[in-house]
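Engineer: Before we start, here is the structure in question, set down as structure tokens.
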Amino acid sequence: MRTLLLTCLASTLVLSSFVPKKKNKVKLPEEFAFIPQGSYYTATPEEDPYYYGRSKTIKPMDSSKIISAGNFYMSKYEVSNLQYRNFFNEVAPGLTGEEVKKIICDSTGWNNRPYSYGEPMVLHYYTHPAFNNYPMVNVSYEGAMKYCEWLQSTIQKDNPDFIIEVKLPEREQWRWAAMGGRAQAMFPWTNYYLRNKKGELMCNFRKIEDWNVYRNRTTGEAEVADRYYAGSVSLSDKVYYTANVKSFYPNDYGLYNMCGNAAEMISEKGICVGGSWNDYGGDVHIRAEATYDRSAVTVGFRPIIIAKEKKQE
């Protein structure tokens with residue numbers, strides 16, 4: 013009996029030594045959603061046999077253009093005015109004058125938009141509490157990068173068991189997140205239209221009415237009469253500039269405004285994606301790209317987080 017008890021005790025001790033340790037859980041701000049690993053086909057419309065609106069000539073699928081992305085966290089929302097102000101107020105005192113100039117909000121950008129009176133937006137958009145949860149625009153690439161650096165430092169303090177990296181997404185990462193897990197998606201939502209069955213808009217873009225479109229009698233081409241734009245927006249749509257970062261509908265990953273509202277910076281400087289509130293409906297989709305060479309009223313950003321658990325010694 014004694015031998016049996018000793019044997020059982022020894023077995024228990026051996027087994028207890030193999031009990032797996034409780035896995036550490038990364039602590040992130042609640043507005044970040046996990047984007048799982050997945051693959052999609054990146055190609056031009058002519059090369060992609062599944063792309064909506066493709067041409068009649070379809071090239072064979074090139075396996076080298078199958079992209080894998082995921083296993084990161086992305087903010088559900090575009091960075092807001094309030095978030096950026098909190099960041100700026102914390103870091104600005106420790107920067108030189110030249111460094112501050114690179115990251116400060118340039119609200120005068122609202123005066124550069126044609127066909128509108130921008131002075132109220134210059135004075136109030138970035139600072140007034142009414143716009144706290146509107147997307148931060150008129151921000152430089154350097155400002156967005158500095159924000160990511162600050163946020164990384166903040167989150168790292170709460171996660172000593174992880175290596176935290178906060179950055180602007182690469183093009184492939186942004187597209188996969190915008191698709192919401194649907195590899196051939198044109199929009200973040202689940203149809204190929206800018207309105208749902210109820211007639212509600214699915215994102216914030218520049219809307220025009222039929223009477224704004226006319227045929228140029230010289231060239232014979234259709235053109236848009238921007239000079240009539242200010243009076244052509246349907247009041248039922250209720251959006252003239254940017255919208256609250258939690259407007260419209262999230263995609264299947266819980267991300268809001270991946271298309272429209274503010275075009276979003278990616279890691280490649282000078283490139284923004286997704287289209288903005290000032291783009292027409294044909295330019296607010298997942299593959300939409302534009303360039304910028306300075307801060308603009310149409311361009312904002314949202315960061316991603318990559319968290320890697322440190323190896324236990």
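Counting from 13, one number per residue, gives the positions in the sequence shown under my numbering.
For each residue, glycine too, the CB sits at the ideal point set by N, CA and C.
Tyr146 to Ser92, Cα distance in whole Å?
Structural biologist: Each residue's alpha carbon lies about 5 Å from the other.
Engineer: So, helix, strand or coil for Pro147, using DSSP?
Structural biologist: Residue state, collapsed to three classes: strand.
Engineer: On the DSSP letters alone, give me the boundaries of the alpha helix (DSSP H) that Tyr159 sits inside.
Structural biologist: Its alpha helix (DSSP H) spans residues 153 to 169.
Engineer: Closer than 6 Å to a non-hydrogen atom of the ligand NAD - does that hold for the CB of Met157?
Structural biologist: For the ligand NAD, the structure offers nothing, since it holds no ligand at all.
Engineer: With Ala45 as the anchor, note down where its beta strand (DSSP E) starts and where it stops.
Structural biologist: Residues 44 to 47.
Engineer: In the DSSP output, which residue or residues are listed as bridge partners for Met277?
Structural biologist: Paired residue(s): Cys284.
Engineer: Straight-line CA distance for Phe99 to Tyr159?
Structural biologist: For Phe99 and Tyr159, the distance between alpha carbons rounds to 7 Å.
Engineer: In chain order, what residues of the same chain have a beta carbon less than 8 Å from the beta carbon of Tyr326, not counting five sequence neighbours either side?
Structural biologist: Because the chain in this structure spans residues 13 to 325, residue 326 falls outside the shown range and cannot be described.
Engineer: Is it buried or exposed, Ala197, if we count other Cβ atoms within 10 angstroms and call 16 or more buried?
Structural biologist: Burial call: buried.
Engineer: What did DSSP end up calling Met270 once you bin it into helix, strand or coil?
Structural biologist: If DSSP states are grouped into helix, strand and coil, Met270 belongs with coil.
Engineer: What's the gap between the Cα of Met157 and the Cα of Val178?
Structural biologist: Roughly 9 Å between the two C-alpha positions.
Engineer: Whole angstroms are fine: how far does the CA of Tyr253 sit from the CA of Gly243?
Structural biologist: Low confidence applies to Gly243: its pLDDT is 38, below 50, so where it sits in the model is not reliable, and the reading given next is rough at best. Their Cα atoms are separated by approximately 14 Å.
Engineer: When DSSP labels each residue in this structure, what does Lys179 get in the three-state scheme?
Structural biologist: Three-state DSSP puts Lys179 in a strand.
Engineer: Please classify Val311: does DSSP put it in a helix, a strand, or coil?
Structural biologist: Here Val311 sits in strand by DSSP.
Engineer: Could you give the DSSP three-state label for Ala195: helix, strand or coil?
Structural biologist: The answer is coil: DSSP assigns Ala195 none of H, G, I, E or B.
Engineer: Can you give me the Cβ contacts of Asn144 inside the same chain, cut-off strictly under 8 Å, excluding the 5 residues immediately before and after it?
Structural biologist: Ser92, Asn93, Leu94.
Engineer: Beta-carbon separation of Tyr304 and Cys284 under 7 Å?
Structural biologist: Closer than 7 Å, so yes.
Engineer: So, with DSSP's three-state summary, where would you put Gly243?
Structural biologist: Bear in mind that the predicted position of Gly243 carries a pLDDT of just 38, short of 50, making it too unreliable to give a figure here.
Engineer: Just checking my contact of Phe404 with Ile115 at CB under 8 Å: how many whole Å lie between their CB atoms?
Structural biologist: The question about residue 404 has no answer, for the chain in this structure spans 13 to 325.
Engineer: Are the CB atoms of Gly294 and Gly272 within a distance shorter than 7 Å?
Structural biologist: No, they are not a contact pair.
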